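Data block below; observations after.
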Ligand code: NAD
Ligand code: UD1
């Protein structure tokens, strides 16, 4: 298939572009580089030997999005583009609603006009809200979220479900748990701009000396060691899940289907931190700080549906995730070069 990857220069998008090419698909990317650097594409091209055409524009620009579909042959779309920082979304809600919803409207409208009927969408476990039983199952209702970012995901899922039913699209809603890790080559990985919001990139920057120490947000949760438990998933496993979902779309009997992409077990903050120390080979500094507002004690994915219907499951361990993150971060302490 010829696949348009929106947000293909980002963390998960770039790893998925690589996996798509390795699986024999043709890829083109649209990205405005608002949260990524163009130099990532050279890394993808050197790992695959393929040329990846990049269209650098903001997808909320309806005219440019229409023109792209008018001039390129596109068989399917994987839609990663969007803003994703939970705290920032509380401070700038309108930017989040405008970007995440606006890009989806422009993209899906262009797909309808040009008869492109296959879509894989980046959703998040955040749509399960605060009260879903663990492990999270795809059929749980009602979906909700506690931040504007999370609410854009709930809304996008709703919009895509309605449009799929009305217009004959096939849509896979992929609900990611906690994506971490880096490509095993050490040449591609997560490159957050500014202070990392998420645990793994923060630990990686402590290990490389960019941050003084990790603050662990709370050790008094009702878990085995008192720190929060999450379902971490290696970004290469996640990328493979997108290829599996894309290739499953035509066989779907319903217009829209949600799939959890996680490993199916919980790992605590302390366990992840200790695993990272093993990857680095020495102890790292940390302190126990207060709880972070909005954090849930523990959750992980029910992974049965993705295994049965997509034939996909995560295979990489927590130690793999830490070793690969460390290989990337130590070889690229400042992330991708500017350029
Ligand atoms: P990322 O920020 O690294 O990648 C997103 C890419 O989209 C960036 O390259 C950015 O420049 C681009 N972009 C943003 N708005 C755009 C627009 N209007 N037009 C064109 N390009 C635009 O993020 P990521 O971690 O790779 O996440 C990808 C998707 O997965 C996002 O939709 C995110 O919400 C979702 N997701 C991520 C996580 C996670 O932990 N990383 C978890 C759940 C869901
Ligand atoms: C967060 C978002 C979620 C989003 C996900 C992926 C919140 C409440 N949730 O999930 O919506 O989909 O990121 O982008 O923001 N931790 C520390 N110290 C740190 C950073 C994190 O102890 O410096 C802890 C957190 O308290 C949490 C765990 O590590 O218990 C994982 O945190 P994080 O990586 O931010 O992911 P989530 O909170 O699961």
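In this note's numbering, the protein residues as written are 94 to 432. No residue lacks a Cβ here, since even glycine has one placed at the ideal position from N, Cα and C. Small disclaimer: the values here were computed from a predicted structure and weren't measured.
Report task. Note the first and the last residue of the continuous alpha helix (DSSP H) segment covering residue 162. Result -> Here residue 162 is taken as the residue at index 69 of the chain shown, counted from 1. Unbroken alpha helix (DSSP H) run through residue 162: 155 to 164.
Report task. Work out the CA separation of residue 429 and residue 200 for me, nearest whole Å. Result -> For the purposes of this step, residue 200 is taken as residue 107 along the chain shown, with counting starting at 1. For the purposes of this step, residue 429 is taken as residue 336 along the chain shown, with counting starting at 1. Residue 200 and residue 429: Cα-Cα distance of roughly 28 Å.
Query raised in the report: For the ligand UD1, which residues count as neighbours when the test is a C-beta closer than 5 Å to any heavy atom?
Result: 179, 217, 219, 291, 292, 295, 309, 310, 321, 323, 362, 385, 387 and 388
Report task. Can you have a look at residue 210 and say buried or exposed, based on whether 16 or more other CB atoms are within 10 angstroms of its CB? Result -> For the purposes of this step, residue 210 is identified with residue 117 of the chain shown, where counting begins at 1. Buried.
Query raised in the report: With 16 as the cutoff for other CB atoms within 10 Å, does residue 427 come out buried or exposed?
Result: As a first step, residue 427 must be located in the chain shown, where it is residue number 334. Under this definition residue 427 is an exposed residue.
Query raised in the report: Nearest to residue 135 by alpha carbon, out of 127, 125, 146 and 128?
Result: Position 42 of the chain shown, counted from the start, is the residue given in the question as residue 135. Nearest option by C-alpha distance: 146.
Query raised in the report: Does DSSP classify residue 198 as helix, strand or coil?
Result: The residue given as residue 198 occupies position 105 in the chain shown. Residue state, collapsed to three classes: helix.
Requested in this report: Give a yes or no on whether the C-beta atoms belonging to residue 245 and residue 203 are separated by under 8 Å.
Outcome: For the purposes of this step, residue 245 is taken as residue 152 along the chain shown, with counting starting at 1. For the purposes of this step, residue 203 is taken as residue 110 along the chain shown, with counting starting at 1. The answer is no: Cβ separation not under 8 Å.
Query raised in the report: Between the segment 99 to 115 and the segment 323 to 337, are three or more C-beta pairs nearer than 8 Å?
Result: yes
Query raised in the report: Along the chain, where does the alpha helix (DSSP H) that runs through residue 136 open and close?
Result: Indexing the chain shown from 1 puts residue 136 at position 43. Looking at the DSSP string, the run of the alpha helix (DSSP H) that includes residue 136 is 133 to 141.
Query - Whole-angstrom C-beta distance between residue 161 and residue 276, which should lie under 8 Å - result: For the purposes of this step, residue 276 is taken as the residue at position 183 of the chain shown. For the purposes of this step, residue 161 is taken as the residue at position 68 of the chain shown. About 27 Å; that fails the 8 Å criterion.
Query raised in the report: Count the other CB atoms within 10 Å of the CB of residue 109; is the residue buried (16 or more) or exposed (fewer)?
Result: Here residue 109 corresponds to residue number 16 of the chain shown, with the count starting at 1. It counts as buried.
Query - Buried or exposed by the 16-neighbour rule on C-beta atoms within 10 Å, applied to residue 282 - result: By one-based count along the chain shown, residue 282 stands at place 189. Buried, by the Cβ-count rule.
Report task. Go through its chain and collect everything with a Cβ distance to residue 316's Cβ below 7 Å, but skip five positions before and after it. Result -> Counting from 1 along the chain shown, the entry for residue 316 is found at position 223. Only 322, 361, 390 and 391 meet the Cβ criterion.
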